[in-house]
Every structure is written in C-alpha cells, then in structure tokens.
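*Asks:* Right, I'll just put the structure down here and ask away after.
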Amino acid sequence: MEKIEKDEFLSSLMPYARHVGSAIVKPIDQGKTRGLGMRAMYEQSENSLGQIRKQIDFLIDQARKIQERIEFSEKIYKADCGFIPVIGNTYYLYRREDESEFLSMIAPSEWSVRFNLVHLCTVSLLADHTWKIIS
Numbered sequence: 003m004e005k006i007e008k009d010e011f012l013s014s015l016m017p018y019a020r021h022v023g024s025a026i027v028k029p030i031d032q033g034k035t036r037g038l039g040m041r042a043m044y045e046q047s048e049n050s051l052g053q054i055r056k057q058i059d060f061l062i063d064q065a066r067k068i069q070e071r072i073e074f075s076e077k078i079y080k081a082d083c084g085f086i087p088v089i090g091n092t093y094y095l096y097r098r099e100d101e102s103e104f105l106s107m108i109a110p111s112e113w114s115v116r117f118n119l120v121h122l123c124t125v126s127l128l129a130d131h132t133w134k135i136i137s
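The numbers in this note's numbering rise by one with no breaks, and the one at position 39 of the sequence shown is 41.
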C-alpha cells in the first residue's frame, strides 16, 4: 500500500477547501434544514387535518339530518292512517280537536266541509320509508 502523506490525509478531513482548485464545501445548516422540514410537515399536516375536520362536520350534519328525519317519521307513523301510503305521493298531516293526529290524502283546500282540523304539514313518503316535509 502506498503511504499517504500526513498533510494529504488531514486535508481530506478538513470541513473547508484547502486549495484553490478544491471543490467548494459548504457545511449544511442542520438547524435551518430541520426548521424548514418541520414547518413543511406542520403545514401539510394542518391541511390534511383541516380536510378531515370538514369531512367530519359534513358527516355530523348528515347524521343530524337523518336523526331528525327518523324522529319526524316516527311522529307520522304514530298518526292515524286509514290507507297504505305510496312512495313518492304527497300526504297531509292534521290535528283533530282531541289532539290526535291523522294522515290524509285530502289537501286542506279540498275539504268541502270545514272541520276543526289544524293542518300541521304536507309530507311525502321516501323510498327508505322515512318521511320528508314538503311544507
């Protein structure tokens, strides 16, 4: 093996260029590199978390609407009904004087005789057998 001069060996370990023709060696600022990496990581993570928060809010809103529709549908199913409702048709929910409620195919404007009925709402039966308020 060839003997390496002490001077050459030491120059290869120097953190800077020793000769005019030597390659430029710039030390890496590890603190700056870490800082930039951390900032990018936090920014990307916050963006992802923000998207997930929006999705969660959307799902919570959807769940709330479904729960409200279930509660309203329970009210409709508890009302008296003398017929089998058909999906997609419009029906009318009324309250009698005795506070009982009933579902009818007759619109408020179609009654020939005026009873003491209170029209509560107009509804439609959906395909999943829940009810949607039309008005």
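Don't be surprised by glycine CBs; every beta carbon is placed ideally from N, CA and C.
If you drop the 5 nearest sequence neighbours on each side, which residues of the same chain put their C-beta closer than 7 Å to that of residue 109?
*Replies:* Here the question's residue 109 lines up with position 107 in the sequence shown. Within the same chain, 94 come within 7 Å of residue 109 by CB-CB distance, once the 5 residues on both sides are set aside.
*Asks:* Buried or exposed: which applies to residue 125, given that a residue is buried once 16 or more other Cβ atoms fall within 10 Å of its Cβ?
*Replies:* Position 123 of the sequence shown, counted from the first residue, corresponds to residue 125. It is buried - the Cβ of residue 125 has at least 16 other Cβ atoms within 10 Å.
*Asks:* What's the gap between the Cα of residue 35 and the Cα of residue 51?
*Replies:* In the sequence shown, the residue the question calls residue 35 occupies position 33. In the sequence shown, the residue the question calls residue 51 occupies position 49. Straight-line Cα distance between these residues: approximately 24 Å.
*Asks:* Along the chain, where does the beta strand (DSSP E) containing residue 103 start, and where does it finish?
*Replies:* The sequence position of residue 103 within the sequence shown is 101, counting from 1. That run of the beta strand (DSSP E) goes 103–106.
*Asks:* The alpha helix (DSSP H) that contains residue 119, what's its start and end?
*Replies:* Looking up residue 119 in the sequence shown gives position 117. Looking at the DSSP string, residue 119 is not in any alpha helix (DSSP H), and its letter there is neither H nor E.
*Asks:* Could you check if residue 106 is buried or exposed, using at least 16 other CB atoms within 10 Å of its CB as the buried criterion?
*Replies:* Reading the sequence shown from its first residue, position 104 is the one you call residue 106. Burial call: buried.
*Asks:* Going by C-alpha to C-alpha distance, which of 42, 37, 111, 88 sits closest to residue 127?
*Replies:* Translated into positions along the sequence shown, residue 127 becomes position 125. Ranking 42, 37, 111, 88 by Cα distance to residue 127 puts 88 first.
*Asks:* For the alpha helix (DSSP H) that residue 132 lies in, which residues bound it at each end?
*Replies:* By 1-based counting over the sequence shown, the position of residue 132 is 130. Taken as a continuous stretch (DSSP letters only), residue 132 belongs to no alpha helix (DSSP H), as it is neither H nor E.
*Asks:* Only counting the same chain, and skipping five residues up and downstream in sequence, which positions put a Cβ closer than 7 Å to that of residue 129?
*Replies:* The count along the sequence shown starts at 1 and reaches residue 129 at position 127. So the list reads 89, once near-sequence residues are dropped.
*Asks:* Which residue marks the beginning of the alpha helix (DSSP H) containing residue 66, and which one marks its end?
*Replies:* One-based indexing of the sequence shown puts residue 66 at position 64. Per DSSP, the unbroken alpha helix (DSSP H) holding residue 66 starts and ends at 32–80.
*Asks:* In whole angstroms, what is the alpha-carbon distance linking residue 39 and residue 77?
*Replies:* Taking the sequence shown and counting its residues from 1, one reaches residue 39 at position 37. Taking the sequence shown and counting its residues from 1, one reaches residue 77 at position 75. Cα-Cα distance, rounded: 57 Å.
*Asks:* Buried or exposed: residue 96, going by 16 or more other Cβ atoms within 10 Å of its Cβ?
*Replies:* For this step, residue 96 is matched to residue 94 along the sequence shown. By the 10 Å Cβ count, residue 96 comes out buried.
*Asks:* Does DSSP classify residue 126 as helix, strand or coil?
*Replies:* Along the sequence shown, one-based indexing puts residue 126 at 124. DSSP places residue 126 in strand when its eight states are reduced to three.
*Asks:* Which residue marks the beginning of the beta strand (DSSP E) containing residue 98, and which one marks its end?
*Replies:* For this step, residue 98 is matched to residue 96 along the sequence shown. Residue 98 -> no beta strand (DSSP E), and no H or E assigned at all.
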